[in-house]
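In the working numbering, the protein residues as written are 93 to 892. First up is the structure itself, then whatever we jot down about it.
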């Protein structure tokens, strides 16, 4: 090993704490940066590639076949702003079906669907299903394309159905089709594709036919652009004929929004980590130069050149940084696994590893930042004259702070605390470094607590509403934890009038409401996104469902949709949506938009609206809120005699956490702990350096009678004021960063959130946060304070 290598190894070995600080700092920075940059690359590129390769449509519009002919729909290709168009293609409204043997759909979490009814399929046909002409080229994922009138290809949401069958139960004669493959429409134009003759079988059986057009526009980069484009199409078509308009931006958010929502807070942690890394490396290397002045002089007297001295001190920072970089790169790739599993498999974005270039660019970039940061104070060491360094020996004692000492001595504080309180003024530059480290820590804590609180409220919002109440009343024999959706032989529904009366008569019932998926479908809703129409009965006010806009339905013909459906379709309060059940249509006026945390589109309306229109409302469960001091088992026992004759039973309401939110919470908690540890270690390093320089003063204080406890109090007090000021500055910054980050996360998901979820910084939460800076400073100073307290008086006095 060369002489320079021995110097570097010796320096790293003597500064184990400082080396650990630098390794952890770079570890945290690289972990966050690898995750954020990697996710951006992984989740965005596949959709863009697929959209380009398959000539995706910016907008797909469905026209009511009773109000617009195929020729009138085709004429909209000349509307303002249209650059390319395809169609019209015949398409049905969503038709209720049942699945034959061997069919399983992921929308019911892998449960067998043999004989299951009320699963909607939007059927369509094109002149050449396998062709590459026009817009939105279909991709065959499994099996083959249909070749006869009795065959069908289903969309990707149906799994394991290569040899099953689909029966259109809502049509007379119940036409049946053999499933021969799976296909994917990038912009979700349909869920089932047939030959022209096969589609004719549906229309002959009575299926209502609409017309679908696909468009590209000159301006299509924003939701506002596509809203204007849809208005132009509607203006060029017969009045009232446009039933829906599906935007490619909504499809993109649905496919990659969840994974992209991780990126904003990971970027914040990455930036905080990089700043902390640069700051603490500067602190460590500067401290090593200041405390090793005599050593520098010895090295120069032995023949080391200024550049060799600078390289030695820079290398002492790079070695632990390399360890941190390698660990952070590996950990970032490991953390990416659960995040990427949430991405869209249909677009190929759900791999379990990040791109190799990310694992190269981030580490190299971090090491460059570390190297430049370390080199600046290292060059200072190289420029020091050898004679001066040998004469000075230890770092010169500061002469500042005498006025602060006199002022602090007049305060009604114990003398050790007044000595510590004035210490930052003796070395303001060092105090500023401590403050900067605490500041980043306070920003991280404030930011993280805000996000964690929002996540908790988000999950609470998801468990309110249709997951409210401690008890459920469901059809007898329903599997525990499974909420039946829709009616029919495979999905029994309740005699809701009888059950409502029975619940009202039971002692201990405080409130109850019934609901169920009606089996109706929304005309023109995104076919790749499960959208349901729920009918309700009873009082929903106690469920705390949050309204974002408008009001709750009060009259027949009114409905409320959830924010997910509003965001993906552009529906607003005052618009009308059409739902269909058993080939019967019902227009509903939207009077409100609610937030329920659901990942599916939901339309809510009162059961009376369905009954009045001649449709069937299916109520498949009642949520029950018990009176205070009423136990679930006792209430269930008393409810059994009145529910059993109604073929119903009571069970506890088990709610399940949102896995994506839990993953985010775990990531935030992990990264925050790393940031706190790094900030505290930065304080520790500075206090260790300061304490070692003042060891002679400590010996004098001990000789004059200062006890170990008083020594600890003095050291801790020396960082308290700095920590308080840094905390007071860091908390508002953290609040602003959290607000901006949350806005970006919500935008990535294409959602809106009520103020009850986003308003997290209450006075009760802010007071502890304001003291967080002091806590981080004290945490970092605790170990060197203990070391100072244990130092022997004689040893300290001999140190010079």
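No residue lacks a Cβ here, since even glycine has one placed at the ideal position from N, Cα and C. Because the structure is a prediction, the values reported are computed rather than measured.
**Message:** According to DSSP, simplified to helix, strand and coil, what is residue 777?
**Reply:** The residue given as residue 777 occupies position 685 in the chain shown. In the structure shown, residue 777 sits in a helix (DSSP, three-state: H, G or I).
**Message:** With a threshold of 7 angstroms on Cβ separation, who are the neighbours of residue 804 within its own chain once the five nearest residues in sequence on each side are excluded?
**Reply:** Taking the first residue of the chain shown as position 1, residue 804 is located at position 712. Within the same chain, residue 804 has close Cβ partners 877, 878 and 881.
**Request:** Mind checking which residues open and close the beta strand (DSSP E) that includes residue 853?
**Result:** Position 761 of the chain shown holds residue 853. Segment: none, residue 853 is in no beta strand (DSSP E) and carries neither H nor E.
**Asked** By a C-beta neighbour count over all protein chains shown, 10 Å radius and 16 as the cutoff for buried, is residue 746 buried or exposed?
**Response** Residue mapping note: residue 746 aligns to position 654 of the chain shown, counting from 1. That one is exposed.
**Request:** Report the residue from 469, 462 and 425 whose alpha carbon sits nearest the alpha carbon of residue 449.
**Result:** Position 357 of the chain shown, counted from the first residue, corresponds to residue 449. The candidate whose alpha carbon is nearest that of residue 449 is 425.
**Prompt:** What do you get for residue 667, buried or exposed, if any count of 16 or more other CB atoms within 10 angstroms of its CB means buried?
**Reply:** As a first step, residue 667 is located in the chain shown; it is residue number 575 there, counting from the start. Residue 667 should be labelled exposed.
**Those runs of the alpha helix (DSSP H) which lie wholly inside the region 682-751 and span at least 4 residues** = 699-704 and 724-735
**Request:** Rounded to whole angstroms, what's the CA-CA distance from residue 371 to residue 466? Just pull it up for me.
**Result:** Residue 371 sits at position 279 when you count from the first residue of the chain shown. Residue 466 sits at position 374 when you count from the first residue of the chain shown. Their Cα atoms are separated by approximately 10 angstroms.
**Backbone CA spacing between residue 856 and residue 771 [nearest angstrom]** = Here the question's residue 856 lines up with position 764 in the chain shown. Here the question's residue 771 lines up with position 679 in the chain shown. One Cα belongs to residue 856, the other to residue 771, and the distance between them is close to 25 angstroms.
**Message:** Within the continuous alpha helix (DSSP H) that includes residue 800, where are the two ends?
**Reply:** Residue mapping note: residue 800 aligns to position 708 of the chain shown, counting from 1. Annotation: the continuous alpha helix (DSSP H) that includes residue 800 extends over 800-841.
**Prompt:** Grouping DSSP H, G and I as helix and E and B as strand, with all else coil, what is residue 438?
**Reply:** Along the chain shown, one-based indexing puts residue 438 at 346. Confidence at residue 438 is low in this model, with a pLDDT of 41, below 50, so its placement is unreliable and the value that follows should be read with caution. In this structure, residue 438 counts as helix in the three-state DSSP scheme.
**Message:** Between the alpha carbons of residue 672 and residue 164, how many angstroms are there, rounded?
**Reply:** Taking the first residue of the chain shown as position 1, residue 672 is located at position 580. Taking the first residue of the chain shown as position 1, residue 164 is located at position 72. Roughly 24 angstroms between the two C-alpha positions.
**Message:** Give the list of continuous beta strand (DSSP E) stretches no shorter than 3 residues that lie fully inside the region 618-671.
**Reply:** 623-630, 638-642 and 650-654
**Prompt:** What's the C-alpha gap between residue 459 and residue 640?
**Reply:** Within the chain shown, numbered from 1, the residue matching residue 459 stands at position 367. Within the chain shown, numbered from 1, the residue matching residue 640 stands at position 548. Approximately 47 angstroms, taken between the alpha carbons.
**Request:** Could you tell me the distance, in whole angstroms, from the CA atom of residue 634 to the CA atom of residue 108?
**Result:** Against the chain shown, residue 634 aligns to sequence position 542. Against the chain shown, residue 108 aligns to sequence position 16. Whole-angstrom Cα-Cα distance: 59 angstroms.
**Request:** Give the DSSP-derived three-state secondary structure of residue 244 in the structure shown.
**Result:** Taking the chain shown and counting its residues from 1, one reaches residue 244 at position 152. In the structure shown, residue 244 falls within a strand segment according to DSSP collapsed to helix, strand and coil.
**Prompt:** Residue range of the beta strand (DSSP E) that residue 285 falls in?
**Reply:** On the chain shown, residue 285 is found 193 positions in, with the first residue counted as 1. In the DSSP assignment, residue 285 falls within the beta strand (DSSP E) that extends over 284-286.
**Request:** Express the C-alpha separation of residue 369 and residue 461 in angstroms, rounding to a whole number.
**Result:** Position 369 of the chain shown, counting from 1, holds the residue named residue 461. Position 277 of the chain shown, counting from 1, holds the residue named residue 369. So the alpha carbons of these two residues sit roughly 9 angstroms apart.
**Item:** residue 675 in three-state terms, based on DSSP
**Value:** Indexing the chain shown from 1 puts residue 675 at position 583. The answer is coil: DSSP assigns residue 675 none of H, G, I, E or B.
**Request:** Tell me whether residue 308 sits in a helix, a strand or coil according to DSSP, three-state version.
**Result:** By one-based count along the chain shown, residue 308 stands at place 216. Correct three-state label for residue 308: strand.
**Prompt:** Buried or exposed: which applies to residue 208, given that a residue is buried once 16 or more other Cβ atoms fall within 10 Å of its Cβ?
**Reply:** Position 116 of the chain shown, counting from 1, holds the residue named residue 208. Confidence in residue 208 is poor, its pLDDT being 43 and thus under 50, which makes the residue's placement unreliable; the coordinate value appears in the next sentence. By the neighbour-count rule (16 or more Cβ atoms within 10 Å), residue 208 is buried.
**Message:** Do residue 662 and residue 319 have their beta-carbon atoms positioned less than 8 angstroms apart in this structure?
**Reply:** By 1-based counting over the chain shown, the position of residue 319 is 227. By 1-based counting over the chain shown, the position of residue 662 is 570. In terms of Cβ geometry, residue 319 and residue 662 form a close pair [threshold 8 angstroms].
**Spatial distance of residue 815 from residue 456 (CA atoms)** = In the chain shown, residue 815 corresponds to position 723, counting from 1. In the chain shown, residue 456 corresponds to position 364, counting from 1. Distance between the alpha carbons of residue 815 and residue 456: 33 angstroms.
**Message:** By the three-class DSSP mapping on this structure, what secondary structure does residue 794 have?
**Reply:** Indexing the chain shown from 1 puts residue 794 at position 702. Helix, per DSSP.
**Item:** Beta-ladder partner(s) of residue 914, from DSSP
**Value:** The requested residue 914 does not occur in the structure, where the chain is confined to residues 93 to 892.
**Asked** Quick one: what's got a C-beta closer than 7 angstroms to residue 704's C-beta in the same chain, skipping five residues either side?
**Response** Start at 1 with the first residue of the chain shown, and residue 704 comes out as number 612. Shown here for residue 704: same chain residues with a beta carbon closer than 7 angstroms to its own, the five before and five after excluded, namely 648 in chain order.
**Request:** Measure from the alpha carbon of residue 851 to the alpha carbon of each residue in 550, 722, 310 and 288, then state which is nearest.
**Result:** Within the chain shown, numbered from 1, the residue matching residue 851 stands at position 759. Selected option, being the one with the closest Cα: 550.
**Contact under 8 angstroms by Cβ, residue 600 with residue 722** = Here residue 600 refers to the residue found at position 508 of the chain shown. Here residue 722 refers to the residue found at position 630 of the chain shown. In this structure, residue 722 lies closer than 8 angstroms to residue 600 by Cβ.
**Prompt:** Is it the case that the Cβ atoms of residue 189 and residue 261 are separated by a distance below 8 angstroms?
**Reply:** The residue labelled residue 189 in the question sits at position 97 within the chain shown. The residue labelled residue 261 in the question sits at position 169 within the chain shown. Yes, the pair counts as a contact, with Cβ atoms nearer than the cut-off.
**Prompt:** By DSSP, does residue 443 sit in helix, in strand, or in coil?
**Reply:** As a first step, residue 443 must be located in the chain shown, where it is residue number 351. Because the pLDDT of residue 443 is 47, which lies under 50, any placement of that residue in the model is unreliable, and the question is left without a value.
**Prompt:** Of the residues 845, 453 and 866, which one's Cα is nearest the Cα of residue 656?
**Reply:** For the purposes of this step, residue 656 is identified with residue 564 of the chain shown, where counting begins at 1. Considering only alpha carbons, the answer is 845.
**Asked** Less than 8 angstroms separating the beta-carbons of residue 325 and residue 153?
**Response** Locating residue 325 in the chain shown gives position 233, counting from the first residue. Locating residue 153 in the chain shown gives position 61, counting from the first residue. Yes, the Cβ-Cβ distance between residue 325 and residue 153 is below 8 angstroms.
**Among 847, 288 and 567, the one whose alpha carbon lies nearest that of residue 239** = Within the chain shown, the letter at position 147 stands for residue 239. Closest option to residue 239, Cα to Cα, is 288.
**Asked** Per DSSP, residue 607 is paired with what?
**Response** Translated into the one-based positions of the chain shown, residue 607 becomes position 515. Paired residues: 628 and 713.
**Message:** Give me the residue from 171, 840 and 755 with the minimum Cα distance to residue 428.
**Reply:** Counting from 1 along the chain shown, the entry for residue 428 is found at position 336. If we check each option's Cα against that of residue 428, 755 comes out closest.
**Request:** Taking only the alpha-carbon atoms, compute the straight-line gap between residue 290 and residue 243 and give it to the nearest angstrom.
**Result:** Taking the chain shown and counting its residues from 1, the one referred to as residue 290 is at position 198. Taking the chain shown and counting its residues from 1, the one referred to as residue 243 is at position 151. Counting only the Cα atoms, residue 243 lies some 7 angstroms from residue 290.
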